[in-house]
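In what follows, a single structure is set out as structure tokens and then discussed.
Residue numbers (the numbering used here): 29 to 800.
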């Protein structure tokens, strides 16, 4: 059978390659060992194709014949690629390769083909995979796989175990799916990448082979999910099937993570901060109904952030759709959140929308943030004779907040223009508010303090009057309140909606977020949304947290479990206590110093000591005991033993293995290769080491060495050949993660070509003879 390959591509050399380049490429291709999972038959078939390619191209006669057929059969991919040649011009076949101009070398030509045997098909697919032609591998490999499956069914041998070449065929297809999916990922074709990974998983699952590759493909699929979710939701508005698929993927991620700040693992590679940025960016493309469905369910009941986001969706939908039952649901969630967070402002708005005016004002007064109360009070001072009346100011700022900070966060609610007056004028809202008769904040306080019944009754009557005033302000019915009050509050509410459009636009502009620079399971998304009600913006994953109250800082810091280690509630010492402590420490030091000085004065003074014996006559300039002179002996250094060639070769090979471990290790000490390798091997290994360094890859090696032979080149005393058994174990790490698929444990017979420079042997060439 014929496959789209040629001998030049098999050896990875240009058509004009000379003999030295061919020989170097041939040795390099033999050194490039395929994965350990391949069988010996496939590795042998690959090696046969490489050896035969070198055999043809290294023979001048065979190469001339092959070039003639190779060049005459190739046609340009486009008619404009090559200028018309003279019909009468002729070129001798041996000179065809020399007649190729530099311009013609860059022309895209049709793929030539070569004839191979049926036993070499998997080896040829392996070579195509090494050349990066994954789509060609899949096209040819799937046809071969289906042919073998039909043949098995005809012979009723489907229950028999797969042979080695069939396993190799599945392996090369799976690896092609994996690499093609990663290429599509980098091209930002996320759905195509997911499909490639899924096909690879299904193939392995069908045959129950290579579980480690299946795990790797599943990990790629999980890391793709955030990109797919953003792509599917942002580019598919409405109720399309693609958008529904994106919402299902997002829901599965939330369930696996056990909430936004949960302890679960969704295998997406996003930490808490990155996932929060992802959610905040995604919210700009989600409708309020979709956000309520995502965050307001049992699976997210323990998530503070999810509860807070659902509160915004419930308040936005409840106000814009005039459904106070949703506001009541948001109020219950706020009561749960208020146990750990300050949500007084949101509670005040919810109470206001439900007609609980006194409760709303009390929540505003109890807020930990005094700025909101001060704004409301200032509004009352600027626009009302009664500075104690907070209701008009609360209505003014509540309406602004609902329009600018709540509705503007949802693509379906942002265009809505609604005032509180229109909200309370709705008959359904009035009927629902009339049915609500919860005890007010004032009544609860009075009951707890044991206030007498007449006083409590007066408070209840007063609150009923306030509620009646509120309902009448926003209804079309006549009221018993003064016309001045109605006109004043109506004026405040009517004026607050005039400027909301520009403010909402500013809020949407604040929703823009900057890209996060440290995310590397893949490339960032960059796309334009097709949503009609949302401005076009690039999709960047993940984003920095947005400056909006949709997720307040207190909620985020609580979810992060106060990682910065600040201890709240720590008692502050007074200045008097600090000075007393320092005085005590100084006094203690002075006391100890005084006692120590007196003790030393008493016991160490020479005047208090009496000599009981005669003093010894000891001279400091003469030794008390005569020291015999040291006898010097002449030490003659023995010459170092001369190392044999085998020992010198072993030292050189051992130095090479150590330098290789350092160059490809975590520190990437590439310069150590210069001390043991000579050209051309030095350039090859330095280039490989630099690629590892650039792609954040390193290996941890373990080596053992057994010398077999070493001999001097009889024609050149500065060259030698050595053969050794090398046992090499490598742990492959990429981005700090161990990759078992690329790790290996090999035992090889290697031949080394050594060259002597000065007193040192360097390695010039290395060739793997066989696997032991």
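Where is the CB? At the ideal position from N, CA and C, for every residue including glycine.
Best match in the options for proximity to residue i [C-alpha to C-alpha]
i	options	result
residue 45	87, 74, 67 and 66	87
residue 738	731, 763, 782 and 717	782
residue 240	702, 221 and 202	202
residue 432	778, 198 and 445	445
residue 322	435, 330 and 334	334
residue 295	277, 168, 391 and 312	277
residue 787	677, 700 and 448	677
residue 337	69, 320, 310 and 168	320
residue 422	381, 67, 455 and 450	381
residue 358	268, 343 and 265	343
residue 30	54, 63, 140 and 64	140
residue 36	91, 63, 68 and 69	91
residue 329	283, 735 and 251	283
Simplified DSSP assignment, three categories, for residue i
i	result
residue 706	coil
residue 779	strand
residue 763	coil
residue 34	coil
residue 646	Reliability fails at residue 646, whose pLDDT of 41 lies under 50, so the model's placement of it is uncertain and the value that follows must be treated cautiously. Coil.
residue 253	helix
residue 216	coil
residue 796	strand
residue 93	helix
residue 61	coil
residue 755	strand
residue 444	coil
residue 749	strand
residue 593	Only weak support exists for where residue 593 lies, its pLDDT of 44 falling under 50; the value from the coordinates is given anyway. Three-state DSSP puts residue 593 in coil, outside helix and strand.
residue 790	strand
residue 784	strand
residue 325	coil
residue 433	helix
residue 557	Reliability fails at residue 557, whose pLDDT of 34 lies under 50, so the model's placement of it is uncertain and no value is given.
residue 410	helix
residue 774	strand
residue 491	Because residue 491 carries a pLDDT of 38, less than 50, the predicted location of this residue cannot be relied on, and the following value inherits that uncertainty. It is helical.
N-terminal and C-terminal residue of the alpha helix (DSSP H) that residue i is part of
i	result
residue 271	269-285
residue 77	68-86
residue 337	332-348
residue 393	385-393
residue 740	From DSSP, residue 740 is part of no alpha helix (DSSP H) but of the beta strand (DSSP E) over 725-741.
residue 357	352-365
residue 146	Premise fails: residue 146 is in no alpha helix (DSSP H) and is neither H nor E.
residue 677	673-691
residue 419	419-429
residue 182	162-182
residue 697	Here residue 697 belongs to no alpha helix (DSSP H), and DSSP marks it neither H nor E.
residue 377	372-381
residue 462	455-463
residue 303	300-310
Inter-residue CB distance, residue i and residue j (contact presumed, cutoff 8 angstroms)
i	j	result
residue 460	residue 353	7 angstroms
residue 314	residue 288	Wrong, their Cβ atoms sit about 14 angstroms apart, outside the cutoff.
residue 792	residue 709	6 angstroms
residue 720	residue 758	Not quite, the Cβ-Cβ distance comes to about 12 angstroms (not below 8 angstroms), so this is no contact.
residue 172	residue 197	6 angstroms
residue 704	residue 790	6 angstroms
residue 379	residue 387	4 angstroms
residue 249	residue 222	6 angstroms
residue 50	residue 41	6 angstroms
residue 67	residue 192	4 angstroms
residue 746	residue 784	4 angstroms
residue 39	residue 81	5 angstroms
residue 78	residue 99	Actually they are not in contact, since the Cβ atoms of residue 78 and residue 99 sit about 22 angstroms apart, beyond 8 angstroms.
Endpoints, beta strand (DSSP E) assigned at residue i
i	result
residue 43	Unbroken run through residue 43: none, as it is neither H nor E.
Is it true that the stretch 147-160 meets the stretch 56-76, where meeting means three or more beta-carbon pairs spaced less than 8 angstroms apart?
yes
Between the stretch 361-377 and the stretch 392-406, do at least 3 Cβ pairs fall closer than 8 angstroms?
yes
Is the number of C-beta pairs between the stretch 254-273 and the stretch 765-778 that are closer than 8 angstroms three or more?
no
For the stretch 674-691 and the stretch 746-755, state whether three or more C-beta atom pairs, one from each stretch, are separated by less than 8 angstroms.
yes
At least 3 beta-carbon pairs within less than 8 angstroms: the stretch 435-445 vs the stretch 339-350
yes
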